[in-house]
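Trainee: Please see the structure below; I have some questions.
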Amino acid sequence: MSTKTKKGTGGTLSVLWQGITRSPSGFTGMCIVVAILAFVFLGRFLVDHDNPTDPDALWLPMSGEHWLGTNFEGKDTFTKLVLGGAEPIWVGALAAAITVVVAVILGALAGYLRGRFDDIVLQATDITMTIPFITVLIIVASYFRNISPLMVALIIGLLTWPFLTRSIRAQVLTLKEREFIEAAKLQNLGTTRVVFVDILPNMAGYIFINFIIAVTNAIYAIVGLYLLGLLPSTAENWGLMIQQAWQNSAYLLPRALPFLLAPLAMIALFQVGLVLVTRSLEQALNPRLRER
Amino acid sequence: MPEQTESAPLLELSKCEQIFRTKRGDVRAVAGVDLEVRPGKVLCLVGESGCGKTTTARAAAGLTRPTAGWVRYKGEDVNTMDSASRQAFREAVQYIHQDPYASLNPVRTVYSTVTAGLRRHKLVKTRTEARAKAAELLELVDLTPAESYLDKYPHQLSGGQRQRVAIARALAMGPQVLIADESTSMLDVSIRVSLLNTLGRLRDDLDVGFLFITHDLAVAKYFAWDGEIAVMYLGEIVEQGPTPQIINDPQHPYTKALISAVCEPDPRLAREKKTVRLRSSEIPSLTALPSGCTFHPRCPLFEPGLCDASAPPLSLINGDARRLACHVVARDHGPARAGAN
Amino acid sequence: MREPILSVRDLSIVYRTGRRTSVTAAQDVSFDLYPGQSMALVGESGCGKTTLGLGLLRLLPRLGQVSKGEIVYRLKDGMSVDITGLAKEELRRFRWHEAAMVFQGAMNSFNPVLRIGEHFTDTLRSHEGEKRRTRAEITARATELLSMVRLEPERVLKSFPHELSGGMKQRILIALALALEPQVLVLDEPTTALDILTQRSIVEQLHELRERLGFAMIFITHDLGLAAELADRVATMYAGRIIEKGSAEDVFYEPRHPYTVGLIKAVPPVIGDLPELSSIAGSPPSLADLPSGCSFHPRCEWAVDACRETVPSLTVLTPRGEDGGHAAACLRAGDIEYTRKVVARA
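In structure tokens, the structure reads:
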């Protein structure tokens, strides 16, 4: 029955799309992710960016005017929630993109070329993997004090590439033994073309899944850093909200709870959405699971 | 054949040897093989799996470097030639894999697969030209109407169609030699014949030389009738000569066994045919080769003291165009002619 | 006239392919198999021959089922039974005892973590019914079976599957299938994927075993050479139907269906003259989308207008021999000539 499953599946994109849309959990996940992205990136055009402090309106409960109440400075919690999502998400995506780009290039070339280049890359991954990246982030963040979100993305990206590099290298090692790669070599197509045009597209789905996983990891890292108060408290940010809620003991005051729980819920939901999406994608791309 | 003036060989293997080093010891996959492929001619390499056919073919295609001996293209050693000649060799000698399901990139269209080499080496300038050239190549391998195949992905094609695409890709480079490794063995009977007929046209009309590898003597007979058959056993050639001679009058007991093992599609002939009973049906391991003639533990002509003592040389047999490596047959047919290599 | 050991009548097998869709993989198949006879089911991949083979023992996968017709076996005790109506437990008793199957791909038919001896124990025990054999009895029987297929029992019984060659595994599978002395053996591509000399030894082995044990045999193959070597009778399948059947001689020397003619013309012989080989134009139809009338008509050089409309039934041409002699399902069976052009003389 293998011919039947092969029929009707076009390129990787359509496999991915079907993987998401055909599984109920994947579809739910995608809806959650899209909804949060819309909330964060479209919502910011609809709310008042000033959101002034108001000493007369500290810790107001939920109401028609303040949907989620106000915080310790009297700022509107809902507005903060809308504005605070952009940074963790784009920093996470950027960090993941850096990880994936570095890992794909190094991993693919190392696996394909072997030899000295491979040795050097493997050495580098070994060394980098021994560096605990949260610790490095904490040290860097506490040393520089005014570290920019871009820096955070860069540090996360540059410290997490080894894991993906290794698995991409391993995949390339098996793929390059496949006959169609040998056939491409017989045509004298050149290394770059064989690696980036013949090999990598065959792993596109795998790379995409790893990108999403990297996004989730990076978001956790950023939120964690804010929670520890190690990043500058200037921008609007879910992580910062949680930290401030914690510092101001919002958990002791029932009407202040939304300020603590709303950002937590957003992060959790976003991560759950991404995990559901990756799960269904993994199933779509794993031929053994697909045949069932 | 003496009446024909033989053209110079395009591809030559001489004393080609391939030893793989493994944990269990050295594996001598190919042991000093001499072969020549000439334009428009077929050299058919036959034998059981594990006899070194594929290893020989891969060395001939420059995919592996023999541990000893030479592979020469137009007289030049392919492993020491300069990069310009190497490039010319790469393009002139193409390899067709056995499994058409594995040899095409699943994410590339037929057009992309067939024209990759042409585009890379700037042999076509525009996309229109590339598509026209691709269509021409597909027609050459009988994939018509060619236009309807250009934008298909491998998974939309049958095994036979895929194999044709693989051949079209090889032809794009304008090869002078095609090395076909069991390229028809995975296909259904009818598709196999139509593919063989296509390849036969390339041989006759385009003067492509073939190194054709198969385990099926009947296919060898059909495709290499005007050419030669070389029978391989455990890395060595045991009998080689013009196809009609080898098929109709095999001399080496291994060749006889192979030919008599073919299932004849004719019930009466099949019933009357005498099959050669080997003393053992198991092929020895390459890591523990028997002494003397490596075929002796299975050979029905085995003579103790003669066959297990020394390896028989591959030499010309009296009044024949064939070479043979068998102590017993050589003795019974008179001495080998002087000057045999 | 002796009685057939297996009679198949109007058998159709349907695969469910979706909630509301299905394909008919075998349609209106009828034939008789007589004791000790050997029949080849030949055809290209996808013609339904494997489905039919599995159907004969009701070993179809979950989505496949017999939709019509009967499969009647004459049992060892002389009774006849239509296995399309058997319950699970009865079927289990029927298989191996009365009929057994050797599956395609000897490599994958073994549990890799069990020694060969344990495979024999499993087979013999699970089909034993009331009296349970002792370990010694099982070893004795396994030894007997393995020596029958010319293997060294002591070594083989202790081996794991991966320690054995493909040819040895195929022999073991045959030995296992014969363990309970079935009267009918169904083999799916018994020699495919084996080396040529190993193929030959399996062929000889099957000849020998059949002579000695007298079982009847149905083997499924795409290799006409194998059919010529092993079969008393040949049935050609195309798009789920048997389109020609007859004695091996009739089918090979006087094929009367254009598809059989095409298959024979595509097979190179190794003995004698070199004939011209030709292929059948086009490719086999999808079972889900069969052409009207005779499903072979789009590829047939003999086709006339009537072929587009009428589904030809299997019609007896020469009544010699058992199971209706030589029959073909072709409107123009009387006109079909089979000639071969010789390219080179031997």
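Protein chains in written order, with our numbering: chain A, 20 to 311; chain B, 159 to 499; chain C, 4 to 349. Every residue gets a Cβ at the ideal spot worked out from N, C-alpha and C, and that includes glycine.
Going by DSSP in three states, E430 of chain B sits in which element: helix, strand or coil?
Mentor: Here residue 430 of chain B corresponds to residue number 272 of the second sequence, with the count starting at 1. In the structure shown, E430 of chain B sits in a helix (DSSP, three-state: H, G or I).
Trainee: What number of angstroms, rounded off, separates the C-alpha of R311 of chain A from the C-alpha of S112 of chain C?
Mentor: Stepping through the first sequence from its first residue, residue 311 of chain A is reached at position 292. Stepping through the third sequence from its first residue, residue 112 of chain C is reached at position 109. Only weak support exists for where R311 of chain A lies, its pLDDT of 33 falling under 50; the coordinates are left without a value.
Trainee: Output needed for E312 of chain C: all residues of its chain with C-beta closer than 8 Å, excluding positions within five of it in sequence on either side, in chain order.
Mentor: As a position in the third sequence, residue 312 of chain C is number 309, starting the count at 1. Hits under 8 Å: S295, G296.
Trainee: Just verifying my parser: in three-state terms, what is the DSSP assignment at I139 of chain A?
Mentor: Residue numbering aside, residue 139 of chain A sits at position 120 when the first sequence is read from its first letter. Helix at I139 of chain A.
Trainee: How is Q107 of chain C classed by DSSP in three states: helix, strand or coil?
Mentor: Residue mapping note: residue 107 of chain C aligns to position 104 of the third sequence, counting from 1. Of the three classes helix, strand and coil, the one that applies to Q107 of chain C here is coil, per DSSP.
Trainee: Where I261 of chain A and I51 of chain A are concerned, what is the direct C-alpha to C-alpha distance, given to the nearest angstrom?
Mentor: As a position in the first sequence, residue 261 of chain A is number 242, starting the count at 1. As a position in the first sequence, residue 51 of chain A is number 32, starting the count at 1. Those two C-alpha atoms are separated by around 21 Å.
Trainee: What does P400 of chain B pair with, by DSSP beta-bridge criteria?
Mentor: Position 242 of the second sequence, counting from 1, holds the residue named residue 400 of chain B. In the DSSP output, where bridge partners are listed per residue, P400 of chain B has B:E386.
Trainee: What runs of the beta strand (DSSP E), each 3 residues or longer, lie entirely inside the segment 176–205 of chain C?
Mentor: Counting only runs of 3 or more, we get 187–191.
Trainee: Short check: CB of P258 of chain B to CB of A328 of chain B, under 7 Å?
Mentor: Along the second sequence, one-based indexing puts residue 258 of chain B at 100. Along the second sequence, one-based indexing puts residue 328 of chain B at 170. Result no, Cβ atoms of P258 of chain B and A328 of chain B do not sit closer than 7 Å.
Trainee: Here's a check: name, in chain order, each residue in its chain whose Cβ is nearer than 6 Å to the Cβ of A102 of chain C, leaving out the five neighbours to either side.
Mentor: As a working note, residue 102 of chain C is residue 99 in the third sequence. These residues qualify, in order along the chain: L60, P185, V187.
Trainee: Under 9 Å Cβ-Cβ, which residues of chain B neighbour E196 of chain A?
Mentor: Your numbering for residue 196 of chain A matches position 177 in the first sequence. Under the 9 Å cutoff, chain B gives no residues; its nearest Cβ is about 10 Å from E196 of chain A.
Trainee: The alpha helix (DSSP H) spanning S352 of chain B covers which residue range?
Mentor: The residue given as residue 352 of chain B occupies position 194 in the second sequence. Run containing S352 of chain B: 347–363, per the alpha helix (DSSP H) assignment.
Trainee: Examine chain B for any beta-carbon lying closer than 7 Å to the beta-carbon of Q19 of chain A, and answer yes or no.
Mentor: The structure shown does not extend to residue 19 of chain A, since chain A is modelled only from 20 to 311, so the question has no answer here.
Trainee: Looking at the strands, I want to know which residues DSSP matches up with G249 of chain C.
Mentor: As a first step, residue 249 of chain C must be located in the third sequence, where it is residue number 246. Answer is C:V237.
Trainee: Roughly how many angstroms lie between the CA atoms of N165 of chain A and A287 of chain A, to the nearest whole one?
Mentor: Translated into the one-based positions of the first sequence, residue 165 of chain A becomes position 146. Translated into the one-based positions of the first sequence, residue 287 of chain A becomes position 268. Computed Cα separation, rounded: 27 Å.
Trainee: Determine, using beta carbons only, whether E397 of chain B and L482 of chain B come nearer to each other than 7 Å.
Mentor: Counting from one through the second sequence, the residue named residue 397 of chain B turns up at place 239. Counting from one through the second sequence, the residue named residue 482 of chain B turns up at place 324. Yes, the Cβ-Cβ distance between E397 of chain B and L482 of chain B is below 7 Å.
Trainee: For R537 of chain B, report the span of its alpha helix (DSSP H) as first-last.
Mentor: No statement about residue 537 of chain B is possible, as the shown extent of chain B runs from 159 to 499 and does not include it.
Trainee: Taking only the alpha-carbon atoms, compute the straight-line gap between L298 of chain B and S449 of chain B and give it to the nearest angstrom.
Mentor: Locating residue 298 of chain B in the second sequence gives position 140, counting from the first residue. Locating residue 449 of chain B in the second sequence gives position 291, counting from the first residue. C-alpha separation (whole angstroms): 49 Å.
Trainee: Would you mind sorting G228 of chain C into buried or exposed? The rule is 16 or more other CB atoms within 10 Å of its CB.
Mentor: Along the third sequence, read from residue 1 onward, the residue named residue 228 of chain C stands at position 225. By the 10 Å Cβ count, G228 of chain C comes out buried.
Trainee: Let me check understanding here. Comparing Cα to Cα, which of C:E247, C:P301, C:E304 lies closest to V319 of chain C?
Mentor: Start at 1 with the first residue of the third sequence, and residue 319 of chain C comes out as number 316. Selected option, being the one with the closest Cα: C:E247.
Trainee: Can you grab the Cα-Cα spacing for the pair R215 of chain C / P442 of chain B, in whole Å?
Mentor: Counting from one through the third sequence, the residue named residue 215 of chain C turns up at place 212. Counting from one through the second sequence, the residue named residue 442 of chain B turns up at place 284. Each residue's Cα considered, the two are about 31 Å apart.
Trainee: Under the assumption that A112 of chain A contacts V234 of chain A (Cβ atoms under 8 Å), give the Cβ distance between them as a whole number of angstroms.
Mentor: What you label residue 112 of chain A is simply residue 93 of the first sequence in a count that begins at 1. What you label residue 234 of chain A is simply residue 215 of the first sequence in a count that begins at 1. Contact holds; Cβ gap of about 6 Å.
Trainee: I want to verify the contact list: residues of chain B whose CB lies under 8 Å from the CB of Q202 of chain C, in sequence order.
Mentor: Position 199 of the third sequence holds residue 202 of chain C. Ordered by position in chain B, the residues that pass the 8 Å Cβ test against Q202 of chain C are A419, C421.
Trainee: So I175 of chain C and I119 of chain C are in contact, right, with Cβ under 8 Å, and what is the actual spacing, rounded?
Mentor: For this step, residue 175 of chain C is matched to residue 172 along the third sequence. For this step, residue 119 of chain C is matched to residue 116 along the third sequence. Confirmed, about 6 Å.
Trainee: Use the C-beta contact count for I254 of chain B: other C-beta atoms within 10 angstroms, 16 or more gives buried, fewer gives exposed.
Mentor: Here residue 254 of chain B is taken as the residue at index 96 of the second sequence, counted from 1. Buried, by the Cβ-count rule.
Trainee: If the criterion is Cβ atoms closer than 7 Å, does the pair A355 of chain A and L246 of chain A meet it?
Mentor: Because chain A is modelled from 20 through 311, residue 355 of chain A falls outside the range shown and cannot be assessed.
Trainee: Can you check whether the C-beta of F163 of chain A is within less than 7 Å of a C-beta belonging to chain B?
Mentor: For this step, residue 163 of chain A is matched to residue 144 along the first sequence. So no, F163 of chain A is outside the interface.
Trainee: Give a yes or no on whether the minimum CB-CB distance between F199 of chain A and chain B is below 7 Å.
Mentor: Along the first sequence, read from residue 1 onward, the residue named residue 199 of chain A stands at position 180. For F199 of chain A, the answer is yes, since a Cβ of chain B falls inside 7 Å of its Cβ.
Trainee: Under DSSP, the alpha helix (DSSP H) around Q252 of chain B begins and ends at which residues?
Mentor: For the purposes of this step, residue 252 of chain B is taken as the residue at position 94 of the second sequence. Unbroken run through Q252 of chain B is the beta strand (DSSP E), 251–254; no alpha helix (DSSP H).
Trainee: Spell out a yes or no on whether the segment 405–420 of chain B and the segment 455–464 of chain B are touching, meaning 3 or more CB-CB pairs, one atom from each, closer than 8 Å.
Mentor: With the cut-off at 8 Å, the segment 405–420 of chain B and the segment 455–464 of chain B touch.
Trainee: Just checking, does the segment 167–181 of chain B make contact with the segment 216–229 of chain B on the three C-beta pairs under 8 Å criterion?
Mentor: A contact exists between the segment 167–181 of chain B and the segment 216–229 of chain B.
Trainee: Do A145 of chain C and F163 of chain C have their C-beta atoms within less than 7 Å of each other?
Mentor: To locate residue 145 of chain C, count along the third sequence from 1; it is residue 142. To locate residue 163 of chain C, count along the third sequence from 1; it is residue 160. No, the pair does not count as a contact, with Cβ atoms beyond the cut-off.
Trainee: Could one say the Cβ of R216 of chain B lies closer than 7 Å to chain A's Cβ atoms, at least one of them?
Mentor: Along the second sequence, one-based indexing puts residue 216 of chain B at 58. No, because no Cβ of chain A sits closer than 7 Å to the Cβ of R216 of chain B.
Trainee: Taking the alpha carbon of R343 of chain C as the point to measure from, which residue in C:E252, C:D235, C:K268 has its own alpha carbon closest?
Mentor: Locating residue 343 of chain C in the third sequence gives position 340, where the first residue counts as 1. The residue with the shortest Cα to Cα distance from R343 of chain C is C:K268.
Trainee: What does K379 of chain B touch in chain C if you count any residue whose Cβ is under 9 Å from its own?
Mentor: Locating residue 379 of chain B in the second sequence gives position 221, where the first residue counts as 1. Under the 9 Å cutoff, chain C gives P271, P272, V273, L277.
Trainee: Quick check: what's the CA-CA separation for K23 of chain A versus R185 of chain A?
Mentor: Numbered from 1 along the first sequence, position 4 holds the residue referred to as residue 23 of chain A. Numbered from 1 along the first sequence, position 166 holds the residue referred to as residue 185 of chain A. Any answer about K23 of chain A is weak, because its pLDDT of 35 lies below 50 and its placement is not dependable; what the coordinates show is given next. The straight-line gap from Cα to Cα measures roughly 34 Å.
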